[in-house]
Amino acid sequence: MKQLMSYYVMDDDTDEKIREMTDNLGLDGIESLVYGTKSRDLPGKESTIGCHLNYWPDWMNFWLGKRELFEKEFPTRDSLISYYGGETPEEWLETIRGNLRAAAREEPKYVVWHVADCMAREAWTGKFHYTDKEVLFETARIYSLVKNALPSNVTVLFENIFWPGLNALSPENVDYFFSLLGGGNVGLLLDTGHLMNTNPDIRDEKDGADYVTKVIKNLGSMKDLILGMHLSCSISGEYRKRAAGNIPGEITPEVISRHISSIDRHEPFRTEAAARIVEVAEPSYMTHELFGKGPGIPEEEIKIQMNAMKKGYNSCNRFSLFVAYREK
């Protein structure tokens, strides 16, 4: 298993700086955040093991041509172009292809593709216009149209979010989605925090690990699709219950960001729960996707979570297994 951190390569970074940063944290490399369509020719390629693609949370209405719905969110031509990179679904597909090409130039082993749809108001109401299967069907359709922009040796890992799509990773939906993909170099990226957010009754890390490992085990043989993981802890059930239905008078990007970050905490695990989850999932790539107290690398949070994993294996007299597993 390769341990990584989520990282956006900056203009003033150097190969040596990035390598020193990961070495000091005991990591194997980075999962680079690639949101644009053009190669930035930045350093860090030798440390880049995965790339996180751009994500458009609200896309189904636009993709399906439901103008009466998407124009409520994007009323002007400029707002459409700013969000989708074009005025038509065809132009948006070309934006996605450009993003895939930009990621491919980093020469990653894998890329991460979010699978979810949510209109702004729905983030508060929890009442969604589309079902999981509708989102999965259209995601597979889009993937079939753009996948040739990516080299066949790069694995596409599809990530769960707590909205319609892969959502709570039910076996039925996972089987349905991957049957639509028709094989190829694909897999699952299990985001533990996102999955925890599908259960508002989680009270602590033990509850979270119980829930996540149960979901993984329920996948049966499809558990082998889990090739990647974003490891973080998110216990936000109380906030979600308070916020449910309380739609702000004005929904600005800042308001949305504050709301989503209150749900999706990206906090480090501090207990053996982390090791329990990783041991059951057995991913090939595990990214510490954490928020820090300010701008910059969340070094303290990464160290906390890595220590929690080690404590978990120690408590089971399996620290040697942990070390060996890291080298897989």
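My numbering applies: residue -6 is where the sequence shown begins, and numbers increase by one. Glycine included, each C-beta is placed from N, C-alpha and C at the ideal position. Since we're looking at a predicted model, the values are computed, not measured.
query	result
Under a Cβ-count criterion, where at least 16 other Cβ atoms within 10 Å of its own Cβ denotes burial, should Asp8 be classed as buried or exposed?	exposed
Throw me the rounded Cβ distance for the Asn153 and Leu173 pair, which I believe falls under 8 Å.	Asn153 to Leu173, Cβ: 16 Å. No contact.
Report the option in Asp168, Val149, Arg196 and Ala95 whose CA atom is closest to the CA atom of Leu129.	Asp168
Are there three or more Cβ pairs, one per stretch, closer than 8 Å when the segment 62 to 69 is compared with the segment 27 to 38?	no
Using three-state DSSP, classify Lys303 as helix, strand or coil.	helix
Could you tell me the distance, in whole angstroms, from the CA atom of Leu138 to the CA atom of Glu99?	22 Å
Check each candidate in Leu283, Asn92, Gly78 and Glu131 and name the one with the smallest Cα separation from Val105.	Asn92
Apart from the five residues just before and just after Glu115, which ones in its own chain have a Cβ nearer than 8 Å to its Cβ?	Phe121, His122 and Trp156
Quick one: is Asn54 buried, meaning 16 or more other Cβ sit within 10 Å of its Cβ, or exposed?	buried
Starting from Val208, trace the alpha helix (DSSP H) both ways and give me its first and last residue.	Glu198 to Asn211
Using alpha carbons as the reference points, say which of Ala133, Asn192, Pro144 and Gly19 lies closest to Phe171.	Ala133
According to DSSP, simplified to helix, strand and coil, what is Ser313?	With a pLDDT of only 39 at Ser313, under 50, the local geometry of the prediction cannot be trusted, and no value is derived from it.
So which of Ile270, Pro288, Thr245 and Ile240 has the shortest CA-CA distance to Trp117?	Ile240
If you follow the alpha helix (DSSP H) that Val108 is in, where does it begin and where does it stop?	Val108 -> not in any alpha helix (DSSP H); beta strand (DSSP E) instead, spanning Tyr103 to Val108.
Near Arg70, what residues of its chain come up, given a Cβ to Cβ distance below 8 Å and the 5 sequence neighbours on each side ignored?	Glu80
Any idea which residues DSSP pairs Asp34 with across the strands?	DSSP output for Asp34 lists no bridge partner at all.
What is the C-beta distance between Ser214 and Met189, in whole angstroms, given that I count them as a contact (C-beta under 8 Å)?	So it is not a contact: roughly 24 Å between Cβ atoms.
Kindly identify the DSSP beta-bridge partner or partners of Ser(-1).	Glu24
Just to confirm, is the Cβ distance from Arg258 to Thr206 under 8 Å?	no
Spatial neighbours of Ala95 within its chain, please: C-beta separation below 7 Å, excluding the five flanking residues on both sides.	Val27, Gly29, Thr30, Lys31 and Ser32
By the DSSP assignment, the alpha helix (DSSP H) with Val147 in it spans what residues?	That residue, Val147, is in no alpha helix (DSSP H); it is neither H nor E in DSSP.
Counting C-beta neighbours from all protein chains within 10 Å, is the total for Asp5 16 or more, i.e. buried, or is it exposed?	exposed
Please list, in chain order, all residues of the same chain as Lys38 whose beta carbon is under 7 Å from its beta carbon, the five residues on each side excluded.	Glu99 and Glu100
Closest to Gly221 by C-alpha separation, out of Ser250, Val273 and Tyr232, would be which residue?	Val273
Closest by CA to Arg235, which one among Glu265, Phe262, Asn47 and Pro193?	Pro193
Ser313: buried (16+ other C-beta within 10 angstroms of its C-beta) or exposed?	Because the pLDDT of Ser313 is 39, which lies under 50, any placement of that residue in the model is unreliable, and the question is left without a value.
Would you report the Cα separation of Gly180 and Ala97, rounded to the nearest angstrom?	17 Å
What's the gap between the Cα of Trp389 and the Cα of Leu57?	The chain is shown from -6 up to 321; residue 389 falls before or after that span and cannot be answered.
Mapping DSSP to helix, strand and coil, what is Asp184?	strand
Out of Leu162, Val248, Lys216 and Asn146, which has the shortest C-alpha to C-alpha gap to Tyr126?	The question names Tyr, but residue 126 in the sequence shown is Lys. That would be Leu162, whose Cα lies nearest to the Cα of Lys126.
Candidates Glu131, Asp16, Lys102 and Pro276: which alpha carbon is nearest Asp51's?	Glu131
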